[in-house]
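S.K.: Number 475 in our numbering belongs to position 281 of the sequence shown; there are no gaps in the numbering. Quick one: this structure, given as structure tokens, is what I'll be asking you about.
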Amino acid sequence: MCFRRKRMDVLPRACVGLLLLSLLCATGLCQRSKNNRCVLSRAKSCTECVRVEKDCAFCTDESFEEPRCDLRENLLRYGCREASIVYNKGEIKTQQYVRIDTKLQRTQVSPQHMFMRLRAGEEMSFNMDVFQPLESPVDLYILMDFSYSMSDDLDNLKSMGQNIAEFLQELTSNYTIGFGKFVDKVSSPQTDMRPEKLREPWNNADPPFSFKNVIRLTSNVNHFSEELRKERISGNLDAPEGGFDAILQTAVCKDKIGWRKDSTHLLVFSTESAFHYEADGTNILAGILTKNDEKCHLDTSGTYVYDTKQDYPSVPTLVRLLGQHNIIPIFAVTNHSYSYYEKLHKYFPISEIGVLQEDSSNIVELLRTAFERIRSKMDIRADFVPKAMKIEFTSSEYEKTESGSFHITRGEVGKFNVRVKALEYIGGQHVCSLPEKDRQGVIRVKPTSLSDSLNITASIVCDVCLCEQQQEFSSPSCSFHGDFVCGQCICHPGWRGDKCDCSPASSPNNEACIRDGDAEPCSGRGECLCGKCQCYSEDLTPRFDGMFCQYDVLQCPRTSGFLCNDRGRCSSGSCVCESGWEGPGCECPTSNDTCIDSRGGICNNHGRCECGRCICDKSSLYTSSTCEISYSLGFQAVCESIRDCVRCQAWGTGNMKGNCSTCHLQIQMVEELKKEEASEYCSFQDEEDDCTYHYTLEGDPTVLPNTTVHVQKKKECPPGSFLWLIPLLIFLILLLGLLLLLCWKFCTCCKACLALLPCCARGRTVGFKEDHYMLRHSLMSSDHLDTPMVRSGSLKGRDTVRWKINNNVHKQGFTSLAAANPKDLIPYGLSLRLTRLFTQNLVKPDSRECEQLRKEVEENLNDIFKHIPGCHKLQQTKFRLQPNSGKRQDHTIVDTVLTAPRSAKPEIIKVMEKHVSHEAFNDLKVSPGYYTVTSDQDAHGMVEFQEAVELVDVRVPLFIREDDDDEKQLQVEAIDVPTGIAEIGRRLVNITIIKEQASSLITFLQPAYSHSRFDKLAKISVLREIIDNGKSQVMYRTRDLTAKNGRDYIFTEGDLVFQPGETRKEVQVPLLELTEIDTLLHNCQLKQFAIDLLHPKYGAKIGRYPQTVVTIADPEVVDGVPSMTGLSQVSQSPKGRLSAPLNPSAHALSSREIRFSWFPPPGKPLGYKVKYWIQGDPESEARLIDVKVPSAELSNLYPFCDYEMQVCAYNAMGEGAYSDTIHCRTLEDVPSEPGRLAFNVVSSTVTQLSWAEPAETNGEITAYEVSYGLVNEDNVPIGPMKKVLVEDPKKRMVLIENLRESQPYRYLVKARNGAGWGPDREATINLATQPKRPMSIPIIPDVPIIDAEGGEDYDSYLMYSTDVLRSPVGSKHPSVSDDSEHLLNGRMDFSYPGSASGTLTRTTNTSYQQLSSHMQQEYRVMGSSSLTRDYSTMLTGHDSRLPLGIPDTPTRLVFSALGPTSLKVSWQEPHCEKEVQGYSVQYQLLNGGEVHRLTIPNPSQNSVVVEDLLPNQSYIFKVKAQSEEGWGPEREGVITIESQVDPQSPLNPVPGSPFTLSTPSAPGPLVFTALSPDSLQLSWERPRKPNGSILGYMITCEMLHGGGEPRNIYVEGDKPETTLTVPHLSEKVPYKFKVQAKTTQGFGPEREGIITIESQDGGTFSQFGGQQYMREEVYNFPTEYTTKTSISHSSLDPHFTDGMLMTTQRVESTSSALTKQVTKEFVSRTVMSSGTLTKQMERQFYEA
């Protein structure tokens, strides 16, 4: 038996009423004050009010008592007169309108001029018509690459000049054609600068050039063809070309190119190479620093002459300039460079690209196709839009393309809609506070390729209210104590009240404020001032009102809990309803909309409408809210009540069969119920025949005699009976249940059968990923280790795993703590995961957010643990993130310390588990399944696997102690699974920590030295490179070569002992004078001896130069005296002056010292004057020293620098003649830190790192070392740093893969020359926080690739790949580098978890395929490694845990994207004792899904192509190898193929486009000018990249070493150079200054400077008043001065250039002094690649 009811055709009347009520509110019958920004602003003045929002108005009525700033309709409703309301309206009008005439065959726009005034936040729109004729004039300019690889293209183009002209004639009868050519900047390294190559770079080729306008646009085709045939090819060096310079000059040199005003401008750009872009011309390459000025620089011959004076333009610059000059680019490029220009052309609103054949033979067909596409497109751009406005274009007729242009039909008038909106706020600043130029202007709306445009004169209404300009000062309306402004009094100071008639000094008069019957003034709810009550407010909102504050604004009638039904306000104890509502509680709508019945009448004409509801004349159970009869109300009860009577009267069946006389229904049998009758009907099943019958009724069911029942004659009966199936189904169900019961019973009795029976198959397992970790104590940076735990099998459902760790398990009885006193207090480390997300403020202890959360955590936990005896309060509460912890890894982890007795540990663990399971510690909400409790020797904890999570990290403490054994072991154990169905697989993991002796490298500074016998001592420097600081010792010993002990030198040996921190020692060997025999025999043999370093101790090792050779330089002798060569020809100078000293010679002693020696001239000199200068500098800048002996040591020189020197003798008669000029170069010194680090973020796990050459090479750079490693939120290293050696100094770029996602890394780069390693350049970056961008096109084609999951030291350096970012002419074969000789002692000590495998051999044949710039790589290398105790050899060979004959893990997975749905997977053959027979590749979606398997029987096939993948989805791949012994372990990798990014996205700029930050870059270098001993003048230049209008600067001044309060000074304004005077400083105290620029987007990075003011000894300070000091290079002046000024500047400025993240750190310092002769403090020198310091050059140097 069932009841069924069909859908009603009429909505229930009660619901209709509720819906109409909601619609009335939604449609805005009322404006609620809580959403009324006008009222909420509490504006005090008229101007302030009208600027709040575009709908705000101000009432100037003097008697108006409500809030004066409100919506206009509200002010009218509350009684403000229309004439007293100030309400500004925007306006729009057409100033020039000429209708489009389609008969005129030229482009037209209508209207031509519009005028707009908008209020802030207001939007206006109008229609614009655009017409393009079917045929229009065309200007075609061909810009061709003339590098040598395009020679065949030029030959074809010469022969096709006539064909191109014919093609233009088909397009239009009015055309011009021109031609230009380009190569690249004529500078190194773009161009070969050898003189013969500058004359003729190739055979029969023109000299190199940047750009030449060869043929001006002309309609003379014959002239075009003739001139084109004269052209010859040229050439350059690097693959990318300088086409961007040519494009810019073609656009801006309008007259010289010949562009016509009313024509379509087409620019054909033909090349087969990539392009240089902005910043490729900076000092890293050609030394060109100046930004492109976007001006025309063509000489009379059409040649671009500024190619070596300014940089290349950027992509956004070209997009903007080509749009402004109506130029449409067509890129005709070959397959080599198609991918670059395919991305590039999408940034132009209208452009085309086509594939050019290798010889350009299809250029005409390409142009025809491109022009047809261009004809159907139109882009509308708006130029000169004020900053405070926004403009949009739409069209209902035309469809928009991806680039934003419209598909149009030529020859028709196109209609577009232009919407202009005035913004309200920009960067939190109201637009009316912006400069006038940002609020108004003439906007030019111009369709691309049209010369006509629409001008819109637009401005934002920011006028001051007229009534404020007509204020009445000291008005009588304000008791002469205030100004009457806009209907209200603005009281003078000391007066208050509406009429300014009250003064606090006046005598109080409380009687007027006391209501009859009250004892307190103002009913105790206010303050009586001047006889008038001022009622109290709450939260700036009036709480009481009335003359005596007798009314509470919260005590008016409420409806449904809402004060005044939320449709009015409470005033004077009653509700003042808004428009459309009435009643005591504003509960009644004034309209009758809610009383309208289904026929459109009011209450069905059977009632009246009161308070929005029908009061029916006659109501019953079945009367609706509109007084209509509705069966839907109680319909089921009616059907049920007459059911038996219907069956009895209709068919004589049912319970009342034979007794139908008691029924009083009027039954009518019908063949079929009519639709209108059957809108509601009753349906029941007759038990006697299982048939269903239907009936319906009409009339009021409460009056049954009046009810007529219509019954359908025919019942609906089911087909034949199937009752015999019921017993069979019951039997089968019972049988199935019995089988399941037996299966479960069998499985519980015999667990070995679990894997055999499908019904009892084992679910999933959890366990540690590795079983052993080896850690070196000296390389550890954290006292914790993130130990991976993995889950296999089904990932559905949740599992929690309890774990524990024990310290010192290698000691017997480590678990026994019997000796420990149970009452001892020990610190327990507690960790919990909170339910709140982590923010960066939580790592700042002083932030308010961190302080509040710390207080909340400690209060709740202290309240819990206070019940455990002996527990103290929590301390050291910190917050962090826990990576690799599943879906909750973004949640906050809290670490805190609880001090408690040792015996309280079980209770603490019990309390932690209890409250974590309840997910709360009092009011502190925590995530379930995670906690850690750490004592002094063990730890307990729990981790959680959420659904679909496969791997989590267990953060286990390592209990690092000073008294640890040299080798200690810890053991981590997975105890049980309290929640979930997983079983424990790998239960234990052992951790071994090894402590080592201090270690260092000891070496000679250089392999050879030269000393003169006059030196008497040979001083040889020995250096120590500290790896682990400590004591080191080495022995040294001399041995004979051609020089002999006892005759040329004295044998020397001994020990050099380096104490901790010492890095340099000196070996001294005495030198002997020439013997008489040597003198007589003229012994000219070269005398040399060697010194060896032997027997290092205390972990020290011999470094690069274990021995050095010393050459003894002998003077020439004749007859036992120094030879005076040419003495007979040398005579005394006139008047007794001396001649020049004889045989001058010089040799370098060190990187900063030269020994200059000579023989005395005839006569008796009193002394010698030596002058020396840098080779290339003018001799006038030489430095002069005075010596008394025939030799001098020149010190404080520049390293690896060529010097020239002369010497003269002097006596009482004066100076003699100078000697010949002698040349000598100082020795190498370690280089300075490399230049800025640049990060090109490929994905969240892959980055391209590049750097600039050190500013001071101090020699020839021979190699670079890149180190990188994880750091925590405090920038403290986590785990060991990985090192990579880059031996080719020209390849300053590496590609680092397989980084951990969402983890910050610290990167260090240092350079090496002949003197050793220099300091590190450091940068820290988290790739996940940086936008992913396409990789920029490299200048250097070969990029070293590094696997972050590989082994430590140099083993991570794999190869050079030319396929990653290959130029068209690059090498096609990667080379493999073997750097094992650069490992410490030729070995690697450790292999850490996550390294590629146990096989770490250096010579590996690795193939690396193309890496798409759209591909995100997330390698998760699961290889294992083992460690032997023998550290003297490299770890090689087979994994000892695998049976012999089983293959190792494939050593590397490489993914190469072939398209959005396909990729190539490659790997390297694993090590195996037996022959590999094949491979298996398995892959599936990372979040689960179908598993796909590929079997590869060919062992030589090390790659496979996988098709039909889902784009933008992550896949996990597993590869394993097979031999005859079985399958080896799997190598895993996760890969995501990302589809092409949105070309309009600002986060994905095309290569070469600058990525604009919202904040400014750092200001220019700080310049200090001392004014007095306690004040100075500070100045700086405007940031190079302001990224907006500079509002001002924040200057911070503080003592460098602490003490005193920092001073913050804010300077407003935007000037090219800003100056600030800082007084009240202390003399001889170093100060640190920081300067930040501010825009509307906030403060930018800081520029730092350190300054110390020191007066002259014995002098006055005025000697250097007003002098400025600034150094651009880090050099120490080799001169001593009496007054010192120490200056240093540094900045850390992250900014984007060319789609790359740049971290720039610059240190400028000098320690120099002042003399009266110092006239020039600006020193700038250029270090050339050879290391020679050339003559001084003035150059612009400005780097943000």
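Backbone N, C-alpha and C fix where the C-beta goes; we use that ideal spot for every residue, glycine too. This structure is a prediction, so every number in the text was calculated from the model and none was measured.
(1) To the nearest whole angstrom, what separates the beta carbons of Y1397 and I1368, a pair I think is in contact under 8 Å?
(2) Do the segment 1279-1291 and the segment 1230-1237 make contact, defined as three or more Cβ pairs closer than 8 Å?
(3) Give the DSSP-derived three-state secondary structure of S1880 in the structure shown.
(4) Could you have a look at N350 and say whether DSSP puts it in helix, strand or coil?
(5) State the DSSP-derived secondary structure class of G1836, mapped to helix, strand or coil.
(6) Contact criterion: CB-CB distance below 8 Å. Does K1081 meet it with respect to chain C?
(7) Name the two residues that bound the continuous alpha helix (DSSP H) containing S419.
(8) Excluding five sequence neighbours on each side, which residues of the same chain lie with their C-beta closer than 6 Å to the C-beta of P1757?
(9) If you drop the 5 nearest sequence neighbours on each side, which residues of the same chain put their C-beta closer than 7 Å to that of L950?
(10) Just checking my contact of V1698 with V1675 at CB under 8 Å: how many whole Å lie between their CB atoms?
(11) Starting from V513, follow its DSSP beta bridges and name the residues at the other end.
(12) Measuring CB to CB, does F1433 end up less than 8 Å from L1443?
(13) Can you give me the Cβ contacts of Y889 inside the same chain, cut-off strictly under 7 Å, excluding the 5 residues immediately before and after it?
(14) I think H491 touches P434, with their Cβ atoms under 8 Å apart; what is that distance to the nearest whole Å?
(15) What would DSSP say about R1027, mapped onto helix, strand or coil?
(16) In angstroms, rounded to a whole number, what distance separates the CA positions of G1720 and S1708?
(17) Examine the Cβ distances between the segment 1215-1226 and the segment 1288-1304 and report whether three or more of them are shorter than 8 Å.
(18) Within 10 Å of its beta-carbon, does E466 have 16 or more other beta-carbons around it, so buried, or fewer, so exposed?
(19) Please identify the residue among N414, V408, S404 and K424 whose C-alpha is closest to the C-alpha of T502.
(20) Alpha carbon to alpha carbon, how far is L1211 from P1204? Give it in angstroms, no decimals.
(21) Given a threshold of 16 other Cβ atoms within 10 Å of its Cβ, counted over all protein chains shown, does Y506 qualify as buried or as exposed?
(22) Would you check if the distance between the CB atom of D249 and the CB atom of L265 is smaller than 8 Å?
(23) What residue range does the alpha helix (DSSP H) around N398 cover?
(24) Determine the extent of the beta strand (DSSP E) in which Y1124 is found, giving its start and end residues.
(25) Applying the criterion that 16 or more other CB atoms from any shown protein chain within 10 Å of the CB defines a buried residue, is G1320 buried or exposed?
(26) Any chance you could list the alpha helix (DSSP H) runs of at least 4 consecutive residues sitting entirely within the segment 307-363, in chain order?
(27) Please state whether DSSP places T1689 in a helix, a strand or coil.
(28) Please confirm if the segment 600-619 is in contact with the segment 321-329, defined as three or more CB-CB distances below 8 Å between the two stretches.
(29) How about the segment 1393-1408 and the segment 1345-1360: do they share at least three Cβ pairs that are nearer than 8 Å?
(30) Using the beta-carbon count (16 or more within 10 Å), is V1685 buried or exposed?
(31) Along the chain, where does the beta strand (DSSP E) containing E1980 start, and where does it finish?
(32) Cα separation between D677 and N1781?
(33) Based on Cα-Cα distance, which residue from H1341, V639 and T1846 lies nearest to M308?
(34) Measuring straight from C-alpha to C-alpha, what distance separates P1513 and T1186?
(35) Excluding five sequence neighbours on each side, which residues of the same chain lie with their C-beta closer than 6 Å to the C-beta of S668?
(36) Within its chain, find whatever has a CB closer than 7 Å to the CB of E591; leave out the 5 residues flanking it on each side and keep chain order.
M.R.: Result, derived from the coordinates:
(1) Counting from one through the sequence shown, the residue named residue 1397 turns up at place 1203. Counting from one through the sequence shown, the residue named residue 1368 turns up at place 1174. Contact between Y1397 and I1368 holds: their C-beta atoms lie close to 6 Å from each other, under 8 Å.
(2) Contact holds: three or more Cβ-Cβ distances are below 8 Å.
(3) By 1-based counting over the sequence shown, the position of residue 1880 is 1686. Low confidence applies to S1880: its pLDDT is 33, below 50, so where it sits in the model is not reliable enough to give any reading.
(4) Counted from its first residue, the sequence shown places residue 350 at position 156. N350: helix per DSSP, three-state reduction.
(5) Translated into the one-based positions of the sequence shown, residue 1836 becomes position 1642. The DSSP-derived three-state label of G1836 is strand.
(6) Any reference to chain C falls outside this structure, which holds one protein chain only.
(7) Start at 1 with the first residue of the sequence shown, and residue 419 comes out as number 225. For S419, the enclosing alpha helix (DSSP H) covers residues V415 to R423.
(8) For this step, residue 1757 is matched to residue 1563 along the sequence shown. Scanning its chain for C-beta atoms nearer than 6 Å, with the 5 sequence neighbours on each side dropped, one finds around P1757 the residues W1774, P1777, V1829, A1831 and R1841, in chain order.
(9) Stepping through the sequence shown from its first residue, residue 950 is reached at position 756. For L950, the pLDDT reaches just 42, beneath the cut-off of 50, and the residue's location in the model is therefore unreliable, leaving the point undetermined.
(10) As a working note, residue 1698 is residue 1504 in the sequence shown. As a working note, residue 1675 is residue 1481 in the sequence shown. Confirmed, Cβ separation roughly 6 Å.
(11) Here residue 513 corresponds to residue number 319 of the sequence shown, with the count starting at 1. Answer is none; V513 lacks a bridge partner.
(12) Taking the sequence shown and counting its residues from 1, one reaches residue 1433 at position 1239. Taking the sequence shown and counting its residues from 1, one reaches residue 1443 at position 1249. Yes, these two residues count as a Cβ contact at 8 Å.
(13) Taking the sequence shown and counting its residues from 1, one reaches residue 889 at position 695. Counting only residues of its own chain and dropping the five nearest sequence neighbours on each side, Y889 has a CB closer than 7 Å to the CB of V840, Y875, C876, V903, H904, V905 and Q906.
(14) Taking the first residue of the sequence shown as position 1, residue 491 is located at position 297. Taking the first residue of the sequence shown as position 1, residue 434 is located at position 240. Their Cβ separation, rounded to whole angstroms, is 21 Å, which puts H491 and P434 out of contact at 8 Å.
(15) On the sequence shown, residue 1027 is found 833 positions in, with the first residue counted as 1. Secondary structure of R1027 (DSSP, three-state): strand.
(16) Counted from its first residue, the sequence shown places residue 1720 at position 1526. Counted from its first residue, the sequence shown places residue 1708 at position 1514. In this structure, the alpha-carbon of G1720 lies about 30 Å from that of S1708.
(17) Cβ pair count under 8 Å is three or more, so yes.
(18) As a working note, residue 466 is residue 272 in the sequence shown. So E466 ends up on the buried side.
(19) Looking up residue 502 in the sequence shown gives position 308. Among N414, V408, S404 and K424, the Cα nearest to that of T502 belongs to S404.
(20) Counted from its first residue, the sequence shown places residue 1204 at position 1010. Counted from its first residue, the sequence shown places residue 1211 at position 1017. The amino acid at residue 1204 is misidentified as Pro; the sequence shows Ser. The straight-line gap from Cα to Cα measures roughly 11 Å.
(21) By 1-based counting over the sequence shown, the position of residue 506 is 312. Counting Cβ neighbours within 10 Å, Y506 comes out buried, since at least 16 surround it.
(22) Position 55 of the sequence shown, counting from 1, holds the residue named residue 249. Position 71 of the sequence shown, counting from 1, holds the residue named residue 265. Taking 8 Å as the Cβ cut-off, D249 and L265 qualify as a contacting pair.
(23) Along the sequence shown, read from residue 1 onward, the residue named residue 398 stands at position 204. Unbroken run through N398: none, as it is neither H nor E.
(24) Your numbering for residue 1124 matches position 930 in the sequence shown. Unbroken beta strand (DSSP E) run through Y1124: L1118 to T1128.
(25) As a working note, residue 1320 is residue 1126 in the sequence shown. Per-residue confidence for G1320 stands at a pLDDT of 35, beneath the threshold of 50, marking its modelled position as unreliable; no derived number is given.
(26) 345-353, all fully within the segment 307-363.
(27) As a first step, residue 1689 must be located in the sequence shown, where it is residue number 1495. In this structure, T1689 counts as strand in the three-state DSSP scheme.
(28) Flag = yes, the segment 600-619 and the segment 321-329 touch.
(29) Yes, the segment 1393-1408 touches the segment 1345-1360.
(30) In the sequence shown, the residue the question calls residue 1685 occupies position 1491. So V1685 ends up on the exposed side.
(31) Given a span of 195 to 1938 for the chain in the structure shown, any question on residue 1980 remains unanswerable.
(32) Counting from one through the sequence shown, the residue named residue 677 turns up at place 483. Counting from one through the sequence shown, the residue named residue 1781 turns up at place 1587. The straight-line gap from Cα to Cα measures roughly 44 Å.
(33) Position 114 of the sequence shown, counting from 1, holds the residue named residue 308. With distances taken between Cα atoms, M308 lies closest to V639.
(34) Locating residue 1513 in the sequence shown gives position 1319, counting from the first residue. Locating residue 1186 in the sequence shown gives position 992, counting from the first residue. Cα to Cα, P1513 sits roughly 33 Å from T1186.
(35) Here residue 668 refers to the residue found at position 474 when the sequence shown is read from its first residue. F674.
(36) For this step, residue 591 is matched to residue 397 along the sequence shown. For E591, the CB contacts under 7 Å within the same chain, skipping 5 residues up- and downstream, are G608 and K609 in chain order.
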